[in-house]
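A short worksheet on the structure shown next.
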Amino acid sequence: MFYLSLIEHTLRLPPQLLGLPLNVAIKGELESLFLDKKVIANLGLCISVYDIRSIDGGFVFPGDGGSTYTVEFRLVMFRPFVGEIITAKLKESDSNGLRLTLGFFDDIYIPVHLMPNPSHSEPDPEKKNQVIWMWDYQEQKFPIDGIDEIRFQVQSVTYPPIPVEQPKESKPFAPMVIMGSLDYDGLGPVSWW
189 MFYLSLIEHT LRLPPQLLGL PLNVAIKGEL ESLFLDKKVI ANLGLCISVY
239 DIRSIDGGFV FPGDGGSTYT VEFRLVMFRP FVGEIITAKL KESDSNGLRL
289 TLGFFDDIYI PVHLMPNPSH SEPDPEKKNQ VIWMWDYQEQ KFPIDGIDEI
339 RFQVQSVTYP PIPVEQPKES KPFAPMVIMG SLDYDGLGPV SWW
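Read in order, the letters of the sequence shown correspond to residues 189 to 381 in our numbering.
This is how it looks when you write it as structure tokens:
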């Protein structure tokens, strides 16, 4: 689920940071560039700067007061693997399936065809435009209502291309999308098991 990724980056350090110790100033600039829900394609979601391996350079280009460094560092990345079992909370549910959240990552989807079989949806009396999904098992109904944590299995992790134009009514662009499944024993709300 979490990995260390080695990255090399050319970084311009603004002149106002040159009074700080070099490691502190560079780590602060790397955090402002790579953290705050940044996704790097095929690597995952950046969580934190783990360490700085090397700093080379310190060149000041003509007409620029900042110095430029080549920095090699490691980032802690969130990238679940296919088949991994993860526990999340329900963010929303509609006729297309479920959307789950880990707190720091919200683009986890459980489509209808990967819901427990057989299951159906019923209108949610409390939340407009949402539904409650029910798993029908031995003439009993087990709701997926968001009270419990939900255990799911990762089916795919994709990095969609950035759209050139996005319609105004569309959902915000998600640079990393996880598709999950609840259609196996032990998956679904933890209270079921």
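Every residue, glycine too, gets a C-beta built ideally from N, C-alpha and C.
Own chain residues within Cβ distance below 7 Å of residue i, not counting five before or after
{"i": "F261", "result": "I195, L218, V237, D239, I240 and R241"}
{"i": "G285", "result": "Y297, I298, P299, V300 and M303"}
Close beta carbons around residue i, own chain, < 6 Å, minus the five adjacent residues each side
{"i": "W381", "result": "G374"}
{"i": "T258", "result": "T198, D244 and G245"}
Cβ-Cβ distance between residue i and residue j below 8 Å
{"i": "F330", "j": "A276", "result": "no"}
{"i": "V270", "j": "Q343", "result": "yes"}
{"i": "G291", "j": "I338", "result": "no"}
{"i": "M364", "j": "V227", "result": "yes"}
Endpoints, the beta strand (DSSP E) within which residue i is located
{"i": "G245", "result": "G232 to V248"}
{"i": "I320", "result": "V319 to Y325"}
{"i": "E260", "result": "S255 to F266"}
{"i": "S281", "result": "I273 to D282"}
{"i": "E310", "result": "S307 to P311"}
CB-CB length for residue i against residue j, believed under 8 Å
{"i": "L233", "j": "M265", "result": "7 Å"}
{"i": "W321", "j": "S281", "result": "6 Å"}
{"i": "L201", "j": "S255", "result": "5 Å"}
Among the options, the one whose alpha carbon lies nearest that of residue i
{"i": "Y347", "options": "Q326, S358, L192 and N230", "result": "N230"}
{"i": "G368", "options": "Q354, I273 and S307", "result": "I273"}
{"i": "S193", "options": "K215, I235 and D224", "result": "I235"}
Terminal residues of the alpha helix (DSSP H) in which residue i lies
{"i": "F222", "result": "L210 to F222"}
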